[in-house]
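Notes follow once the structure below has been shown.
Residue numbers (this note's numbering), protein chains in the order written: chain R, 4 to 400; chain W, 4 to 400.
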C-alpha cells in the first residue's frame, strides 16, 4: 500500500541510519569492522546475572513479571542516585530520576517534553547519530557547533544561542564523545552551563562512557556543577553492564517530574521490571566497580594498541584523537577527502569504519573525517585492519 | 526551576493519568480494588521462565546481553508470525513485524509515523486511557465514536470520517474492549474496514485480550480480513505471558516498514533482547496454548462469579456488560450519576473502581459509567467488594 499521504511530516525527512547499512556490510565475518560501537561482551557479568535471575524468579517472580511504576523500580532508582552522589558528586536534592529503556529513550523523552516542531537543538558537530535522529523525528532544527580539542567552541555556541531564539536544548556528550573521543575541558563545561543559564535553555548531558576512563584526570560532570536545574543528566548501564537489557536513567530538576513521568507513561508505560531488578541486585550485592575496572583495562589496551598501529601505518598527513577513555577514535584526513568513497574502497579490502558525514547535522555533505572503534577487537585484527587502512590512506591521499 | 516556557505544547495538555491516582489509593491492602487492569500473577509461567533464563545465559549470553536489531529478535518475529497465521488467520504476505516494548509503544510508534499535530484519531468512546494519552502527546485531535452493544456506531463513524479530513487513524480494541468488555460484531469489523478503505485512513487494531475468550464464538480479527494494508495489528504478550517483560508486536503492510523501523530506532533502538529470547524459547519449547487455557478458565470463573454477585447485590436500575472474555466489566448507572463522586464514597468504604470519565475523550465531563476488573480477585474479595458496592449504589441511586 502507498502510505505517502499518511506519513507524518516529522518522519518524512528521517532516513534509516546510514550506520545501519554499514553494519550490514560489517556483519560479514571476513570484514574487520571498526564501524561498531558496542561494548566487549567479555565485560558482561554473565555469571552474576545468571545467579540473580534464579534468585529473583525464586523469591520475587510476581514483582519481576508484573507491571511496574513508570518512574522505575524504586530500589534501582535509589541505588543509582546513591551512586551518582558518591561517584559523580551530583547533588540529588530537588532532583528526580526515571529509569528508561536505554539512553536513546532518555533522549526521546527529553525531546518529547521540551520540543515543538521547529524548535532548535544545539549539538556538537560531529555528534551521536542516534540522538540526532531522535531530534529529527520531532522536526527539531539542529544547530551544529564545531568541536575544538577541548569540546564545543563556546564563542560559536553563544553566537548560535543569541541568534536563534527557537533553541531550547543543548545536547552534549562531554566525556569520551561519540564519535570523536574528545573530552570537554572544565572551562568548556562551565561555559556551556553558564550559557544555558544565561539563555534559559536545557542541557542534555549524555554520559554513557564517563565511567570508562583509562588515563588522565577525571573531570566533573556538568550536572555536578548545576545549581539551577538547567541540566538533564542521562546515564546508562549499556557500556558498563549490558546493552541488551536496555537500562538507562534520567536525572533532572523536580520541575520536570510530572511531564517526564507522563511522557514515559504514554511512550511505553514503564521499563522492563525484570531487567531493573537484575541491575538493582547487581548494584547491591556484587562489585560493579571492579567489573568496570576490568573493562577500563581492556579498552585501555585496545585503544593504545590501535593508536600504536596507527602511528606506524597511517600517513603523517592524517591526524587523530588520543582518547582518555570510551571506545572511539576520530580520524581527520586532509580537507577535501571524501571518507564515504574511502569507506567503500576499504570495504572492498575487507575493512569497515564509519565516514564522518553520518555524525553531522547535514549527513549529505561529504566529510574528511571518520570514526574508528576498538572495543571488541583482538590485537591481531587491529593490526591487520589498521595496516590495510594505512595502505589505503597512503595510496589515496 | 520553572520550566513553563520550555515545555512543549503537546505535553502541556497531557495530565498524569487519573487512574494512577486511583492506583495509589488502591495500593492500600485494606482496599478491595476493582480498579486494576493487570493479569493474574498465577498465570505467569514462572518455572518455564526460570529454566529458559538459565539455558539462554548458559548457551547464548552474548546474544542475550548485547545490542539487537531494531525490528526485533528474528526467531521471535518468525514464531509470532507463524502463530498469527495459524491462530488468527492473518495473511502475512507483504506484511512486516516489529517487536515493541509493550503495546503502548506500538501505539506510540504508529502515532509517530502517521500523525502531525492537529491530525485526527477516531477512537471508541469509551476507550483505553493509555493510548488516548499517547495520541494526546502528539497533539492529535480525538474523535470519540459511541459504542453500541456490538462495537462502534458505524453511522457516526462514517459521519465523523466524512466531516473531518484531518483524520488519519481509527484506534479500536475490537475484542473484549478495555474498558467496556464489549466485542465488536462481525458486521462492525467489516464496516470499520470498509470505511477505512473508503476514506483512506489506517486502523490500529489493538488486541491484547483476544486470546482470553472464555465463552461465545471466536470472531475474525479485522487484520485477517484486510486485503489492502489499511490495518496495523497490535498484539501483546502482557496478558498471556508477562507484562513486566514488556513485549508486544506490530504487524503492518510493508509500505510502512521503513518508517516504523526508523521510528523504533529513534525511540529506544530495540526491544530488550533477553526478554525477546525468553518469549521466543517459550513459544518454541513450551505449551503457551495450555497456559492460556488455564488463564481463560481462571478469568471465566472470576467474571461469572462477579456477574452473579452483581446480579444479587446491584440495584436493577444499574446495567452492565457480560463479557465473553478479557478482564473488564462496564457498569452503566442512570444518566446524571457522577461516578467520580461515587468512587470517592466507595473508597471511604474500602472499595475502588475507575469512573468512566477516565476513558473518555473529554476526561473532565462526569460519567455515569464505571469499570470493574476481576482478573486478580479471590471469590471472597469479589463477594465482599460487590456487596459493599451494591449497598452504595442502592443508597445513592
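Cβ coordinates follow ideal geometry from the N, Cα and C atoms, glycine included.
Taking the alpha-carbon of residue i as reference, which of the options has the nearest alpha-carbon?
i	options	result
residue 173 of chain R	R:186, R:97, R:203, R:188	R:203
residue 233 of chain R	R:215, R:259, R:272	R:259
residue 144 of chain R	R:158, R:391, R:126	R:126
residue 309 of chain W	W:141, W:100, W:377	W:377
residue 251 of chain W	W:222, W:74, W:375	W:74
residue 1 of chain W	W:62, W:299, W:393	With chain W covering only 4 through 400, there is no way to say anything about residue 1 of chain W.
residue 59 of chain R	R:297, R:325, R:276	R:276
residue 131 of chain R	R:39, R:99, R:222, R:33	R:39
residue 207 of chain W	W:314, W:247, W:106	W:106
residue 239 of chain W	W:272, W:231, W:279, W:262	W:279
residue 222 of chain R	R:189, R:237, R:246	R:189
residue 61 of chain R	W:62, W:61, W:47	W:47
residue 32 of chain R	R:367, R:374, R:355	R:355
residue 25 of chain R	R:397, R:347, R:367	R:347
residue 331 of chain R	R:8, R:302, R:29	R:302
residue 478 of chain R	R:268, R:333, R:97	Since the first residue of chain R shown is 4 and the last is 400, residue 478 of chain R is not available in this structure.
residue 171 of chain R	R:398, R:45, R:235	R:235
residue 224 of chain R	R:325, R:9, R:191	R:191
residue 2 of chain R	R:96, R:165, R:139	This structure leaves residue 2 of chain R out entirely; chain R is present only between 4 and 400.
Leaving out the 5 sequence neighbours to the left and right, which residues in its chain are closer than 6 Å to residue i when beta-carbon positions are compared?
i	result
residue 111 of chain W	137
residue 135 of chain W	none
residue 152 of chain R	none
residue 219 of chain W	327
residue 133 of chain R	107
With respect to the beta strand (DSSP E) encompassing residue i, which residues constitute its N-terminal and C-terminal limits?
i	result
residue 374 of chain W	372-376
Take residue i and list the residues in its own chain whose beta-carbon comes closer than 7 Å to its own, dropping the five residues that flank it on each side.
i	result
residue 370 of chain R	342, 358, 359, 360, 363
residue 288 of chain W	none
residue 227 of chain R	91, 92, 93
residue 380 of chain R	305
residue 329 of chain W	179, 184, 212, 215
residue 316 of chain R	389, 390, 393
residue 242 of chain W	42, 211, 212, 215
residue 340 of chain W	371, 400
residue 337 of chain W	320, 371, 400
residue 313 of chain R	323, 389
residue 96 of chain R	none
residue 231 of chain R	200
Kindly indicate the opening and closing residues of the alpha helix (DSSP H) around residue i.
i	result
residue 31 of chain W	Unbroken run through residue 31 of chain W: none, as it is neither H nor E.
residue 292 of chain W	291-316
residue 45 of chain W	No alpha helix (DSSP H) holds residue 45 of chain W; DSSP gives it neither H nor E.
residue 385 of chain W	382-399
residue 15 of chain W	12-15
Report all residues from its chain with a CB closer than 8 Å to the CB of residue i; omit the five preceding and five following residues, and keep chain order.
i	result
residue 264 of chain R	73, 74, 101
residue 148 of chain R	125, 126, 127, 128, 155, 156, 159, 160, 163
residue 415 of chain R	Lying before the first or after the last residue shown, residue 415 of chain R is absent from chain R, which here runs from 4 to 400.
residue 262 of chain R	116
Would you say the beta carbon of residue i is closer than 8 Å to some non-hydrogen atom of the ligand NAP?
i	result
residue 116 of chain R	This structure does not include the ligand NAP; it has no bound ligands of any sort.
At 7 Å on the CB atoms, spell out the chain C contacts of residue i, in chain order.
i	result
residue 104 of chain R	The structure shown contains no chain C; the protein chains it does contain are R and W.
4 or more residues per run - each alpha helix (DSSP H) lying fully within the region 325-358 of chain R: 342-351
For the structure I just gave you, are there three or more beta carbon pairs, one from the region 254-265 of chain W and one from the region 40-55 of chain W, closer than 8 Å? no
For the structure I just gave you, are there three or more beta carbon pairs, one from the region 111-130 of chain R and one from the region 76-93 of chain R, closer than 8 Å? no
Which runs of the beta strand (DSSP E) fall wholly inside the region 202-289 of chain R and span at least 3 residues, in chain order? 205-209, 234-239, 251-256
For the region 272-291 of chain R and the region 75-83 of chain R, state whether three or more C-beta atom pairs, one from each stretch, are separated by less than 8 Å. yes
Inside the region 61-115 of chain W only - alpha helix (DSSP H) runs reaching at least 4 residues: 64-68, 77-91
Which runs of the alpha helix (DSSP H) at least 4 residues long sit entirely within the region 104-191 of chain R? Give them in chain order. 106-117, 132-139, 157-166
Can at least three beta-carbon pairs, one atom from the region 65-72 of chain W and one from the region 195-210 of chain W, be found at a separation below 8 Å? no
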